[in-house]
Amino acid sequence: MNRSFDILMVGIGGQGTILASNILGEACLIEGRHVKGAETHGMAQRGGSVESHIRIDGLFGPLIPPGQADLMISFDLLEALRYSHYLKKEGRLIVNNHLVLPTSVYTQKLVAPTEDEIIAALKKHTLCLLDADKMAADAGSPLSQNVVMLGAASMSIPLKAESLLEAVRRLVPKKTVEINVKAFEMGREFGGICR
Amino acid sequence: MIRTHDLPVISRAHHRAMLRAQKIALIYPNYYSTRVFIGCESLGSVKKYSDRDMCRKITVLVRIRIMERKYLLGNEAIAHACIESGVDFVSGYPGTPSSEVIDVMRAQPEPSYYIEWSVNEKVALENALAAAWCGIRALCTMKHVGLNVAADPLMTSAYTGVIGGLVIMSADDPFAHSSQNEQDTRCYAKFARVPCLDPESVQEAHDMMPAAFRLSEEFGLPVIFRPTTRICHSKSDVALGEVVPSTRLGEFHKDPRQYVVIPAHTRILHKKLNEKQPAIKKRLVELGYNRFEIRGKTAVIASGIAASYVQELLPAGISFMKIGAYPIDEEWLGAFVGKHEKVLVIEELAPEVEEVVRQVAGCVPVFGKKNGYGSYEGELSPPAVAAILVKAGLLPANPFPSVDPVQNLPLRPPILCAGCLHRSAAYAIKKVFKDSIYPSDIGCYTLGLQMGVVDTTICMGASITVASGIAHSGDPRDILCTIGDSTFLHTGIQGLLNAVYNGANMTVVILDNRITAMTGHQPNPNTGLTACGVESPHVSLDVMCRACGVHFVESVDPFDITGMMHVLEQAKKRKGVKVIIAKQMCVISARRAGVKRGRYLVDTDACTGCGNCVRFGCPAIEFADEKAEINDLCSGCAVCVQICPVGAIVREGKR
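Residue numbers (the numbering used here), protein chains in the order written: chain A, 1 to 195; chain B, 196 to 850.
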C-alpha cells in the first residue's frame, strides 16, 4: 500500500481552507512530490462545514479514509470534534481555539457542547491549541489566520519550511506577502513550543 | 516522438524503459515532441531502481523536461486540456461540479476561442453542435442533470454526427453532494450510442481531453466526457501540455442528407451510426483507457475513480482491469474474463461495466452489485472498496479501522449568507402566505427549506409548473412558488406562459439577484454581461412576464419587509397568475462591487432577549448572556431592525 502523509483540514466555508490546501500543494510541487486532494465546493460552501483532504506523496485516490489521517488542522473547535474520527490514534491535531456556533443551535434549539467539553474530548489525541485569530491580527491581518494555522502545523508536515514559505509567497496576494510570511513564522514558532 | 539515438543506451534496462516511454508517447502524443532529449545524467541517477521503477522514473523525467507541473483542481486541469486541444467554441450552463471549466476558460486573457454561458443546456448543446458542423472544435459543459435538458439534441446529434470535434462534458455527482439525483451519464452514452470517456484521476481527465476531440473527429460523433465530483473537485499535481492556439475557421457546408433529419434521411443516418460501433470499441482499447494486467486467476474490473481506489488496495496476485472508455469491446473483455476463475466488478452508480462483463462471462462467476457486492447508490471510498474486496474474499480483512464519528453534534449545514435577499423574501412570504403551498426551484433559495418555504423541488424551472399543476388539482390552499432569475430564464418562462394560458390561480415570486449565485456567480442574460464581461442588452423580467399575459407584475425590494408584505397581500387577494419580482443584489456580488451599507448592532439595554432576531436565522446574529449580539458578518441589510419588536437594533455609530 502506498503510504502518503494524509492531512485533513476542516473549518467553516469562507475561513480560507482552500488557499491553505493550495499552499500545501504548491509546496509539494516545489519539492517535486506527488500530491492529491479533495475539497468541498458548491452548495456545501455557504457557511457550512467544509473539509479539505491533502495526501502528500499520494498516488491514487484523493480521499483520506476515516481513522487514517496523520494530521488534522481545524479552524474551529466544533468542526475539530466533528471530524476527529478521521485521525489515526497517534495522529496530531492543530486546532484554532475558537468556536462559532452553527445557526442550527438557535433556529432548531440544538445543544452544542461547550468549549471545555470539546477540548477535553480532543485531548485523546496529541493536541496543539492556538489562538490563530489573535496571532493573525498580531501579524497584521485577521485574514492570515489560515497561514498561522499552517505555520503551527508545519513542524508536523513532512515538507521543508522553506518550501512552505515559498509556496505562501507565491500564492497569497502580493500586497500581503509580508504579513503572511510573518503569520507563518509566528505560527511555526508556536507550533514548536506546543509540540 | 523520442528518437532512440538521442538516448545513450547504458543498459538493457534503460533500453526497455526507453521503449516504454515511446509507447506512452504514442498514447499521449501531445506530451512529447521531437525536441525531447533524455539526458544521460538523469539516467545515471536511476540505476539503483528496479526496472519497473525506472520505467516510471524515466517517464516522469520526460514529462518534466517539456511541461509545466501544477497543483490544480480537476476542473482547472480539464479547462487547461481543452485549451491545449485548440478548442474553438465553448458553451455550457453552470452546474456543480462542472462550472469551473468555463469559469477558468472565460478568465483567460485574449482567448483564441469563442466562449459563452448559454441560457440552458439544450441551447448550449445546439450551439456547440452547430459549431462542430462548421468544422471547428467545440466543447459543451453541464452537470449530469443538465444532460436531461440537452437530451433532445444529444440523441439526434449522434445521427447527424459532426465534422469538428464535439466534446460534451457531463459531470456526474455520485452521493448527490449538490444535486437532485445520482443519475449516471454513462447510460446516456449507451442510449445515444456515442463514445464516453470516464477518467480515474485528475491527470487522466486532463490527458483524455485532446484524445476526446481526436476521437470525435475520427468517428464524426459527439464524445461524452464524464468526470465525477471526485475528479472535478479533487486536486492533484498535473503535468500540463503545450497550449496550441487554433487557427481553424468555421465554414458550414450544406448537406441536407446529413443535417435535415426527415424520416428518409434519418433512417440511413441511424444505420450509419450503428455501423460505426465495432470500430469505436477497437479504437478505445488501442487508446489505452481500457487496459489490464494479468497477475492471477482472480480479477478485479473497476471503472472511473473506483479504479484508483482499487489500485490503492489490490493485493499481489490478483489481475486488474481498468475501464475508462465506453462502449467496451466485448471480444477483448471476454478474452480477459475467460482467463480467470472469478471476476469482481467495482464501479459507482449504474452497473454499466458489470452488465457487459456478465454478457461475456460464460461460466466464469461474476461478483458485482447485481449479486450484492456493492451498492447502486452513493459514492465509493477506499474503506467501501475494501469492504467489497473483503466480502468477495479478495482481502482477508478491512485494512481500515472502523471508527465512529462523535454523535449528537449540532449540524452545520450550508446556510444563506448574512444579508441574503432570499432570507428576507422568505420571511415576508411566510408572514403573508401562511399555510400555503410553496413549490420552489433550484438555486441558493432552495436553502429556504430551513425556513419552511420550500415544499417541492424537482428540476430547473419546475416551481412554476408544479404550482400550476397543484392549482388545477383542487387543493383549496393558496399556492406561492419561488424561482431565481437564472432558473426563470433557464426553463421557467414556458411554465409561466402555460400557467397563464390555462388560467391557473397562483403567485410566482421571482427572486432576482441578477446572477447565477449558487454555482459561483456566473453571469446570465439578466446580469447585463456576457461570460467574458462584455456588456449585453438589458433583459426585462417585468416585460417578459407581461408578454406572457400576466397582468399583476410588481417589483419589490425584499429588504423592505413591510413593502414586500403589502404587495404580497395584494397578490393574495387576486385571481389568476400574479408575479412579484423581488429585486436585490446578491450580497456576495454587492460586497465584490464595493457596496457598503454600514453595520448594525444591538442596544443591549433595550434588548429584551425575545429571540425573534436569532430565529430569523441570519448568521450575523448570535445570542450571548440572554441578549442578541451582531457579529462582523453583518452586511447592513437592516432586515433585523424591522423584525425587532422593541427597536433594539440600531445602525453602528448612529446611537
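No residue lacks a Cβ here, since even glycine has one placed at the ideal position from N, Cα and C.
Local conformation of residue i per DSSP, three classes
{"i": "asparagine 96 of chain A", "result": "strand"}
{"i": "isoleucine 261 of chain B", "result": "Only weak support is given to the placement of isoleucine 261 of chain B: the predicted model assigns it a pLDDT of 40, under 50, and the question is left unresolved by the model."}
{"i": "methionine 337 of chain B", "result": "strand"}
{"i": "valine 85 of chain A", "result": "First, the amino acid is wrong: residue 85 of chain A is histidine here, not valine. In the structure shown, histidine 85 of chain A sits in a helix (DSSP, three-state: H, G or I)."}
{"i": "leucine 19 of chain A", "result": "helix"}
{"i": "serine 830 of chain B", "result": "coil"}
{"i": "methionine 713 of chain B", "result": "coil"}
{"i": "alanine 620 of chain B", "result": "helix"}
{"i": "valine 418 of chain B", "result": "strand"}
{"i": "methionine 196 of chain B", "result": "Confidence in methionine 196 of chain B is poor, its pLDDT being 37 and thus under 50, which makes the residue's placement unreliable; the coordinate value appears in the next sentence. Of the three classes helix, strand and coil, the one that applies to methionine 196 of chain B here is coil, per DSSP."}
Among the options, nearest to residue i - alpha-carbon criterion
{"i": "leucine 540 of chain B", "options": "B:Leu508, B:Ala497, B:Gly728", "result": "For the record, residue 540 of chain B in the displayed sequence is valine; it is not leucine. Comparing Cα positions, the closest option is B:Ala497."}
{"i": "glycine 758 of chain B", "options": "B:Leu724, B:Ile816, B:Glu730, B:Ile624", "result": "B:Ile624"}
{"i": "aspartate 800 of chain B", "options": "B:Met760, B:Ala777, B:Gly842, B:Lys768", "result": "B:Gly842"}
{"i": "leucine 59 of chain A", "options": "B:Val433, B:Pro417, B:Thr336, B:Asp599", "result": "B:Val433"}
{"i": "histidine 372 of chain B", "options": "B:Lys778, B:Ser441, B:Pro292, B:Phe420", "result": "B:Pro292"}
{"i": "serine 4 of chain A", "options": "A:Ser21, A:Val105, A:Gly13, A:Ile54", "result": "A:Ile54"}
{"i": "glycine 415 of chain B", "options": "B:Gly588, B:Val389, B:Ser431", "result": "B:Val389"}
{"i": "glycine 804 of chain B", "options": "B:Asp820, B:Ala366, B:Gly359, B:Ala384", "result": "B:Asp820"}
{"i": "glycine 519 of chain B", "options": "B:Pro577, B:Lys822, B:Val397", "result": "B:Val397"}
{"i": "glycine 533 of chain B", "options": "B:Ile523, B:Arg553, B:Pro546", "result": "B:Arg553"}
{"i": "valine 601 of chain B", "options": "A:Tyr106, A:Pro62, A:Arg33, A:Ala112", "result": "A:Ala112"}
{"i": "asparagine 343 of chain B", "options": "B:Gly359, B:Ala326, B:Val318, B:Ala333", "result": "B:Val318"}
{"i": "isoleucine 632 of chain B", "options": "B:Leu616, B:Ile674, B:Gly647, B:Cys740", "result": "B:Ile674"}
{"i": "glutamine 375 of chain B", "options": "B:Tyr288, B:Thr641, B:Gly491, B:Ile278", "result": "B:Thr641"}
{"i": "alanine 69 of chain A", "options": "A:Glu79, A:Tyr83, A:Asp76", "result": "A:Tyr83"}
{"i": "glycine 806 of chain B", "options": "A:Leu78, A:Lys109, A:Ile30, A:Leu29", "result": "A:Lys109"}
{"i": "isoleucine 278 of chain B", "options": "B:Leu267, B:Pro306, B:Glu536, B:Pro634", "result": "B:Pro306"}
{"i": "glycine 687 of chain B", "options": "B:Gly669, B:Gly567, B:Ile653", "result": "B:Ile653"}
{"i": "isoleucine 678 of chain B", "options": "B:Tyr696, B:Asp650, B:Ala666", "result": "B:Asp650"}
{"i": "proline 458 of chain B", "options": "B:Val748, B:Tyr354, B:Asp393", "result": "B:Tyr354"}
Extent of the continuous beta strand (DSSP E) to which residue i belongs
{"i": "cysteine 676 of chain B", "result": "675 to 679"}
{"i": "alanine 494 of chain B", "result": "493 to 498"}
{"i": "lysine 822 of chain B", "result": "822 to 825"}
{"i": "methionine 759 of chain B", "result": "Counting along the chain, methionine 759 of chain B falls outside any beta strand (DSSP E), though it belongs to the alpha helix (DSSP H) covering 756 to 768."}
{"i": "isoleucine 705 of chain B", "result": "701 to 707"}
{"i": "methionine 516 of chain B", "result": "513 to 518"}
{"i": "valine 748 of chain B", "result": "747 to 751"}
{"i": "lysine 773 of chain B", "result": "772 to 778"}
{"i": "tyrosine 795 of chain B", "result": "795 to 797"}
{"i": "alanine 434 of chain B", "result": "429 to 434"}
{"i": "isoleucine 846 of chain B", "result": "Residue 846 of chain B is actually arginine in this sequence, not isoleucine. Segment 844 to 846, the beta strand (DSSP E) holding arginine 846 of chain B."}
Expected contact under 8 Å - CB spacing of residue i and residue j to nearest Å
{"i": "proline 422 of chain B", "j": "alanine 400 of chain B", "result": "5 Å"}
{"i": "alanine 183 of chain A", "j": "valine 148 of chain A", "result": "5 Å"}
{"i": "leucine 706 of chain B", "j": "alanine 777 of chain B", "result": "5 Å"}
{"i": "glycine 191 of chain A", "j": "methionine 135 of chain A", "result": "At roughly 11 Å, the Cβ-Cβ gap does not stay under 8 Å, so glycine 191 of chain A and methionine 135 of chain A are not in contact."}
{"i": "phenylalanine 562 of chain B", "j": "tyrosine 571 of chain B", "result": "15 Å between Cβ atoms; not a contact."}
Any non-hydrogen atom of the ligand FMN within 7 Å of residue i CB
{"i": "glutamate 764 of chain B", "result": "In the structure shown, the ligand FMN is absent, as is every other ligand, since no ligand is present at all."}
Continuous alpha helix (DSSP H) stretch holding residue i: start and end
{"i": "glycine 690 of chain B", "result": "688 to 696"}
{"i": "histidine 733 of chain B", "result": "Element bounds for histidine 733 of chain B: n/a, residue is neither H nor E."}
{"i": "methionine 404 of chain B", "result": "397 to 414"}
{"i": "cysteine 277 of chain B", "result": "269 to 279"}
{"i": "valine 538 of chain B", "result": "Taken as a continuous stretch (DSSP letters only), valine 538 of chain B belongs to no alpha helix (DSSP H), being part of the beta strand (DSSP E) at 537 to 541."}
{"i": "aspartate 599 of chain B", "result": "Premise fails: aspartate 599 of chain B is in no alpha helix (DSSP H) and is neither H nor E."}
Within chain E, the residues that residue i reaches when beta carbons sit closer than 9 Å
{"i": "leucine 584 of chain B", "result": "Absent from the structure: chain E. Protein chains present are A and B."}
Beta-bridge partners of residue i, as assigned by DSSP
{"i": "isoleucine 56 of chain A", "result": "A:Phe5, A:Val35"}
{"i": "aspartate 367 of chain B", "result": "B:Thr423"}
{"i": "phenylalanine 818 of chain B", "result": "B:Ala823"}
{"i": "aspartate 670 of chain B", "result": "Note: aspartate 670 of chain B sits in no beta bridge, so no partner."}
{"i": "tryptophan 312 of chain B", "result": "B:Gly287"}
{"i": "glycine 187 of chain A", "result": "DSSP output for glycine 187 of chain A lists no bridge partner at all."}
{"i": "leucine 127 of chain A", "result": "A:Leu93"}
{"i": "alanine 69 of chain A", "result": "A:Leu87"}
{"i": "glycine 11 of chain A", "result": "A:Val50"}
{"i": "phenylalanine 487 of chain B", "result": "B:Met516"}
{"i": "valine 362 of chain B", "result": "B:Leu334, B:Val418"}
{"i": "proline 306 of chain B", "result": "Answer is none; proline 306 of chain B lacks a bridge partner."}
{"i": "threonine 888 of chain B", "result": "Nothing can be reported for residue 888 of chain B, as the shown portion of chain B is limited to 196 through 850."}
{"i": "cysteine 805 of chain B", "result": "None, per the DSSP bridge assignment."}
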